[in-house]
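Heads up: the sequence shown begins at 3 in our numbering, then just goes up one per residue. Even glycine gets a Cβ: it sits at the ideal position worked out from N, Cα and C. Let me begin by presenting the structure, written as structure tokens, before commenting on it.
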Amino acid sequence: MIRKLAFGFIGFGQLAATPAMASDVAGTNTQAAGAGSTQSAQATVGLIGGAIGGAVSPSAGPTPGGAGPAGATSFLKTRDSGLSGGAGDKRFGAWLQGVYTSIDNSQAGLQFDGNVYNLVGGLDYMVNDKVVVGLALGYEALDLTTVYSRGTIESEGFTVAPYVGFALNKTWSIDATAGYTWLSYDTTRNLNATRGTFDAERWFAAANLNANYAFGRVRVLPKIGVLYLEEEADAYRETGTNATSVASTTTKLGRLYAGGRVGYAFDSVMPYAKVIGEYDFEKNAAVSIGNGRFSNDDEVGAQLGLGLDFYGSNTVSGNVEAAYLSAGRSDLEVWSATARLRLKF
Numbered sequence: 003m004i005r006k007l008a009f010g011f012i013g014f015g016q017l018a019a020t021p022a023m024a025s026d027v028a029g030t031n032t033q034a035a036g037a038g039s040t041q042s043a044q045a046t047v048g049l050i051g052g053a054i055g056g057a058v059s060p061s062a063g064p065t066p067g068g069a070g071p072a073g074a075t076s077f078l079k080t081r082d083s084g085l086s087g088g089a090g091d092k093r094f095g096a097w098l099q100g101v102y103t104s105i106d107n108s109q110a111g112l113q114f115d116g117n118v119y120n121l122v123g124g125l126d127y128m129v130n131d132k133v134v135v136g137l138a139l140g141y142e143a144l145d146l147t148t149v150y151s152r153g154t155i156e157s158e159g160f161t162v163a164p165y166v167g168f169a170l171n172k173t174w175s176i177d178a179t180a181g182y183t184w185l186s187y188d189t190t191r192n193l194n195a196t197r198g199t200f201d202a203e204r205w206f207a208a209a210n211l212n213a214n215y216a217f218g219r220v221r222v223l224p225k226i227g228v229l230y231l232e233e234e235a236d237a238y239r240e241t242g243t244n245a246t247s248v249a250s251t252t253t254k255l256g257r258l259y260a261g262g263r264v265g266y267a268f269d270s271v272m273p274y275a276k277v278i279g280e281y282d283f284e285k286n287a288a289v290s291i292g293n294g295r296f297s298n299d300d301e302v303g304a305q306l307g308l309g310l311d312f313y314g315s316n317t318v319s320g321n322v323e324a325a326y327l328s329a330g331r332s333d334l335e336v337w338s339a340t341a342r343l344r345l346k347f
């Protein structure tokens, strides 16, 4: 999920050798912050997409034997079998989602590990049976330990993101979101002897094509989508030992993904398995880390997950999921746990 770090590395024994080397390590911290923030951005976009992806997903048809509502796999809509998303008087919805992500990058010379926390909520309105519009607000926090610089990176950010969904026919729907995030960072290195603070801003856009098929109690929910984001970090001046000035940096990611979920619908819950393949068509280039080695530059990866949708009433629905987000990514372990809750009124 997270891109491998695109930066150079100065060995521990060299950290205090010269101001130039200190500058290199400080710049490394800035780019590492961007790499961790990329993971956080993808988590935020994923939460919004998870909430709205099925908002206007048309019914897969009546379900024989009462195997839950035909649209039960849609988080934003829990509806009676065969009814359109706008059926009834409940056209407003409020939702809240959170995700905890654990990151461990083990490539020699570029090691770091830590956690990302994301909380996103939204309010939306079903304009008619085929269209939903809404606004999401998000908070994120990043906490990394950077082995390469004997330091840490911490950040906080706030996001605003409008979104929209459209039903295309009885099976397919599309959704889109775009947003902006304000961020502030605190970094340390040299065992906390050197510190820095800087601000950053990020914008992103994402769109998905979703489907909802029912085969008796079996649900098949394919998805294909695209995500693009850019984060610009301000230049800053460190304080403390070997303090140096650090230039501004830009982190980019363009990603195509495709896959979906397969579940088995009981009367009020649906356990499922998820597989999503990823291709990164744009990202920061890999760079030399010495001795003829370069930072990892995987363009292809995958997400694997297990989850549970619940839809016990037409007012409350939700989801829990655990996922491995770095399949096929070298020297990287990324795990996540997600919870969602939806109220209609």
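Quiz prompt | Residue interval of the beta strand (DSSP E) (run including E240) | solution = Element bounds for E240: n/a, residue is neither H nor E.
Practice problem: Tell me, please, which residues DSSP counts as bridged to G124. | Solution: W97, A138
Self-check item: Boundaries of the beta strand (DSSP E) in which R152 is found, first to last residue
Solution: Premise fails: R152 is in no beta strand (DSSP E) and is neither H nor E.
Quiz item: Any contact of the segment 224-233 with the segment 194-201, i.e. 3+ C-beta pairs under 8 angstroms?
Solution: no
Quiz item: In its own chain, which residues sit with a C-beta less than 6 angstroms from the C-beta of A69, not counting the 5 before and 5 after it?
Solution: Any reading at A69 must be qualified, since the residue scores a pLDDT of 44, below 50, and its modelled position is unreliable; the value itself is stated next. Counting only Cβ-Cβ distances below 6 angstroms, and skipping sequence neighbours, we find R219, A267.
Quiz item: Can the beta-carbon of N120 be found closer than 8 angstroms to that of S42?
Solution: yes
Quiz item: Which residues in the same chain as T147 place their Cβ atom closer than 7 angstroms to its Cβ, once the five residues preceding and following it in sequence are excluded?
Solution: F114, D115, G116, T154
Exercise. Kindly provide the ranges of any beta strand (DSSP E) runs that are 3 or more residues long and lie completely inside the segment 264-342, ordered along the chain.
Key: 271-285, 290-292, 302-312, 318-329
Practice problem: Return the residue from the list P273, N286, P224, G242 that minimises the CA-CA distance to E234. | Solution: N286
Self-check item: Backbone secondary structure at L193 - three-state DSSP
Solution: coil
Quiz prompt | Range of the contiguous beta strand (DSSP E) that encloses L229 | solution = 220-235
Practice problem: Leaving out five residues on either side along the sequence, give the residues of the same chain with a beta carbon under 8 angstroms from the beta carbon of A45. | Solution: V101, T103, V118, N120, E142, S338
Practice problem: Given a cut-off of 8 angstroms, decide if T199 and Y238 are closer than it, judged by their beta-carbon atoms. | Solution: yes
Self-check item: Under 8 angstroms between C-beta atoms of D375 and I54
Solution: The shown model of the chain, from 3 to 347, leaves out residue 375, and the question about it has no answer.
Quiz prompt | Length of the line joining the Cα atoms of D333 and D145 | solution = 19 angstroms
Exercise. May I ask you to report which of helix, strand or coil DSSP gives G52?
Key: helix
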